[in-house]
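Trainee: Chains as they are written, first to last, in this note's numbering: chain A, 22 to 216; chain B, 22 to 216. For every residue, glycine included, the Cβ atom is placed at its ideal position computed from N, Cα and C. The structure's right below; bear with me while I get my questions together.
Number of protein chains: 2
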Amino acid sequence: MDRLAQQFAFLNEADRLKSVLRATTLCDGSRQENSGEHSWHLALYAMVLADQAAPGVDIARVVRMLILHDLVEIDTGDVPIHSANGTAHASEAQMAAEAAAADRIFGLLPPDQAQDFRALWEEFEAAETPDAIFAKSLDRVQPVMQNIACGGGTWATYNVTAEQLQSRVGHKVARGAPALWDWVRTRAASFFETI
Amino acid sequence: MDRLAQQFAFLNEADRLKSVLRATTLCDGSRQENSGEHSWHLALYAMVLADQAAPGVDIARVVRMLILHDLVEIDTGDVPIHSANGTAHASEAQMAAEAAAADRIFGLLPPDQAQDFRALWEEFEAAETPDAIFAKSLDRVQPVMQNIACGGGTWATYNVTAEQLQSRVGHKVARGAPALWDWVRTRAASFFETI
C-alpha cells in the first residue's frame, strides 16, 4: 500500500472520533460534546492560554499532542471522570484497552508516523514532561469552563461536590497551570455555593 | 477586565463553532459535519500530510491557522462551495461580513492576541504565503475525501460534475499540494464515472 493510502486510511478512521460522545455539553447545553470538536477546542485553548504554561513548554508540541490525545476513544469510548466508572486515574483494564486501540489506530499510518504519533500519545498519557503536564491541565479545565457556562452541567448530573472537583480535576489543572486554576477555582467555587 | 476573563470570553464564544453546520457529512454519512470538528480534522490532516507541503512550509503555523480559520463562521455560517450561493471565490459582501465577524470575535481577546490571531486568519484568507496556500489545499481536499468515503455525498446533492470539481476545488488543492491532488483526483474521477 502506498504512503498516501496509509495516511488516508488513518485520516478516514480518525473521522469516527466525531461520533464519540463525552459527558460534557456545549456551552449552551444544547447537546453533548464529541471528542473531535473537544480536541479542536483544546488546541485553541493551548494557543490562547500559552502564557499560563511553565517556562520551556513547547506550545506547538502541546497542540499536536491535544489534536491526537483522544483518538484511542474511537475504540474505547470516553469515560467521564465523574461517572460511576470514572476515576481520576485510569484502571489497568482501561489502560490496556487504550494501548490496544493505539496499536490499531496509529498502526494505520506509515511506520515512521505511527511511531511518532504513538510516542506523542504515550507522552500525553504519562503526564511527566512539561508539555504533557500542561496539555493535561487544559484537558481537565475545559470541561470545567463548559460546566460553568451552562449552569452546572455534569456536576449536577453526577452530584459532584466542590471537594471532588478539587481532588479529581483541580490538582491536575494546578499541576500544569497553577495561576489558571486559581482563577477558575474561584468561579467554580462561587457556582457550587449557589446550588 | 483581566486577561483571563478576556481569553475565556473568546474561548467560550469559540464553542459556538461546534454548532455551525457544513454541507459535507461525516465519512459514514450519518450527519452533517460541524465547523469545529472539521477544523480539528484539518489540523490532523496537516500533521499527517506534512510531507506533501512545499519546502519551507511551517507545519506548526499551518496547524494554528487551520485551528482558527473558520471562527468567523460563528457569525456568517458556512457557504458550501457547490451550493447555489457558493463560488470558488468569496463575494465582496461575504468578505465584508467575514471581516466584521473577525473584528468582533478576535476582538474578544486581549489586544496582543487579537492582533496575532487576526493576522493569521487574514494570511489564510489571502492564500498568498506558502503556509496559507498549503492550509487552503487541506481545507479543500478534506471534503473531497469525506465525499469519496460516503459514496458521493454533496456531489450528488448539488449535481457536481468532474469538471466543476476540478475548477472549484482541484486547482486550489493542486496549488499547495500537487502530488496530493494527483492521487486524490484519480480516486474522485473513478467515482464520477460510476454515477
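Are the C-beta atoms of Ala70(A) and some chain B residue less than 8 Å apart?
Mentor: Here the question's residue 70(A) lines up with position 49 in the first sequence. Sequence inspection shows Leu at residue 70(A); the Ala mentioned does not correspond to that position. Yes, Leu70(A) lies at the interface with chain B (some Cβ there is under 8 Å from its Cβ).
Trainee: For Ala140(A), which three-state DSSP category applies?
Mentor: By 1-based counting over the first sequence, the position of residue 140(A) is 119. Reduced to three states, the DSSP call for Ala140(A) is helix.
Trainee: With H, G and I counted as helix, E and B as strand and the rest as coil, what does DSSP make of Thr207(A)?
Mentor: Translated into positions along the first sequence, residue 207(A) becomes position 186. The answer is helix: DSSP assigns Thr207(A) an H, G or I state.
Trainee: Please state whether DSSP places Ala121(A) in a helix, a strand or coil.
Mentor: Walking along the first sequence from the start, residue 121(A) turns up at place 100. Helix.
Trainee: DSSP three-state call for Glu218(A): helix, strand or coil?
Mentor: With chain A represented from 22 up to 216, any question about residue 218(A) goes unanswered, as that position is not in the structure.
Trainee: Alpha carbon to alpha carbon, what distance is there between Leu25(B) and Ile216(A)?
Mentor: For the purposes of this step, residue 216(A) is taken as the residue at position 195 of the first sequence. For the purposes of this step, residue 25(B) is taken as the residue at position 4 of the second sequence. With a pLDDT of only 45 at Ile216(A), under the threshold of 50, the placement of this residue in the model should not be trusted; the figure read from the coordinates follows. Cα to Cα, Ile216(A) sits roughly 25 Å from Leu25(B).
Trainee: Does DSSP put Thr45(B) in a helix, a strand or coil?
Mentor: Stepping through the second sequence from its first residue, residue 45(B) is reached at position 24. Correct three-state label for Thr45(B): strand.
Trainee: Could you compute how far the alpha carbon of Ala195(B) sits from the alpha carbon of Glu54(A)?
Mentor: For the purposes of this step, residue 195(B) is taken as the residue at position 174 of the second sequence. For the purposes of this step, residue 54(A) is taken as the residue at position 33 of the first sequence. Near 34 Å, if we compare the C-alpha coordinates of Glu54(A) and Ala195(B).
Trainee: Any C-beta of chain B sitting closer than 8 Å to the C-beta of Trp202(A)?
Mentor: Within the first sequence, residue 202(A) is the residue found at index 181, counting from 1. By this cut-off, Trp202(A) is not an interface position.
Trainee: Could you work out which residue in Ala64(B), Ala74(B), Glu113(B), Ala210(B) is closest to Asp91(B) when comparing CA atoms only?
Mentor: Translated into the one-based positions of the second sequence, residue 91(B) becomes position 70. The candidate whose alpha carbon is nearest that of Asp91(B) is Ala64(B).
Trainee: With a cut-off of 8 Å, does the C-beta of Glu119(B) fall near any C-beta of chain D?
Mentor: No chain D is part of this structure, whose protein chains are labelled A and B.
Trainee: Is Ile216(A) helix, strand or coil by DSSP?
Mentor: Numbered from its first residue, the first sequence carries residue 216(A) at position 195. Reliability fails at Ile216(A), whose pLDDT of 45 lies under 50, so the model's placement of it is uncertain and no value is given.
Trainee: Please confirm whether Leu90(B) has its beta-carbon closer than 8 Å to some beta-carbon of chain A.
Mentor: For the purposes of this step, residue 90(B) is identified with residue 69 of the second sequence, where counting begins at 1. One point to set straight first is that residue 90(B) is His, not Leu, in the sequence displayed. His90(B) does not count as touching chain A.
Trainee: Among the candidates Thr150(A), Val84(A), Met86(A), Ala118(A), whose CA atom is the shortest distance from the CA of Val100(A)?
Mentor: By one-based count along the first sequence, residue 100(A) stands at place 79. With distances taken between Cα atoms, Val100(A) lies closest to Ala118(A).
Trainee: State the start and end residues of the unbroken alpha helix (DSSP H) segment that holds Gln27(B).
Mentor: By one-based count along the second sequence, residue 27(B) stands at place 6. Counting along the chain, the alpha helix (DSSP H) containing Gln27(B) begins and ends at 24-35.
Trainee: Does the CB of Gln134(B) have a neighbour CB from chain A at under 8 Å?
Mentor: Residue 134(B) sits at position 113 when you count from the first residue of the second sequence. Output row for Gln134(B): interface = yes.
Trainee: Can you say whether Met116(B) is buried or exposed, counting buried as having 16 or more other CB atoms within 10 angstroms of its CB?
Mentor: For the purposes of this step, residue 116(B) is taken as the residue at position 95 of the second sequence. Met116(B) comes out exposed.
Trainee: Taking just the CA atoms, how far does Gly172(A) sit from Phe213(A)?
Mentor: Residue 213(A) sits at position 192 when you count from the first residue of the first sequence. Residue 172(A) sits at position 151 when you count from the first residue of the first sequence. About 10 Å.
Trainee: Would you check if the region 152-172 of chain A and the region 189-205 of chain A touch, i.e. whether three or more CB-CB distances between them fall below 8 Å?
Mentor: Short answer: they touch.
Trainee: Look at the alpha carbon of Glu4(A) and the alpha carbon of Leu129(A), and state the distance between them as a whole number of angstroms.
Mentor: One cannot answer for residue 4(A) here, as it falls past the ends of chain A, which runs 22 to 216.
Trainee: State yes or no: is the C-beta of Val181(A) nearer than 7 Å to some heavy atom of the ligand SAH?
Mentor: Questions concerning the ligand SAH fall outside what the structure shown contains, since it holds no ligand whatsoever.
Trainee: Please confirm if Ala58(A) has its CB atom under 8 Å from at least one CB of chain B.
Mentor: For the purposes of this step, residue 58(A) is identified with residue 37 of the first sequence, where counting begins at 1. For the sequence presented, residue 58(A) should be read as Glu rather than Ala. Yes, Glu58(A) counts as interfacial toward chain B.
Trainee: For Asn55(A), which beta-bridge partners are listed by DSSP?
Mentor: As a working mapping, residue 55(A) is identified with position 34 in the first sequence. Looking at the DSSP assignment, Asn55(A) forms a beta bridge with Leu42(A).
Trainee: Phe213(A) CB to nearest chain B CB: under 8 Å?
Mentor: Mapped onto the first sequence, residue 213(A) falls at position 192. Chain B contact via Cβ: absent.
Trainee: Verify the CB distance criterion: does Ile216(A) have a CB-CB separation below 8 Å to chain B?
Mentor: Taking the first residue of the first sequence as position 1, residue 216(A) is located at position 195. Low local confidence applies: a pLDDT of 45 at Ile216(A) is under 50, so the model's placement there is unreliable, and no value is given.
Trainee: Once the 5 residues before and after Ala71(A) are set aside, which same chain residues still bring their CB inside 6 Å of it?
Mentor: Residue numbering aside, residue 71(A) sits at position 50 when the first sequence is read from its first letter. So the list reads Ile80, once near-sequence residues are dropped.
Trainee: Quick one, which residues of the region 134-153 of chain B are near chain A if we go by CB-CB under 7 Å, in chain order?
Mentor: For the region 134-153 of chain B, which is checked against every Cβ of chain A, the residues closer than 7 Å are Gln134.
Trainee: Figure out for me which residue from Thr45(A), Lys157(A), Ile88(A) has the closest Cα to the Cα of Trp61(B).
Mentor: For this step, residue 61(B) is matched to residue 40 along the second sequence. Among Thr45(A), Lys157(A), Ile88(A), the Cα nearest to that of Trp61(B) belongs to Ile88(A).
Trainee: Within the chosen definition, does the region 131-142 of chain A reach the region 41-49 of chain A through at least 3 CB pairs nearer than 8 Å?
Mentor: At 8 Å Cβ cutoff, the stretches do not touch.
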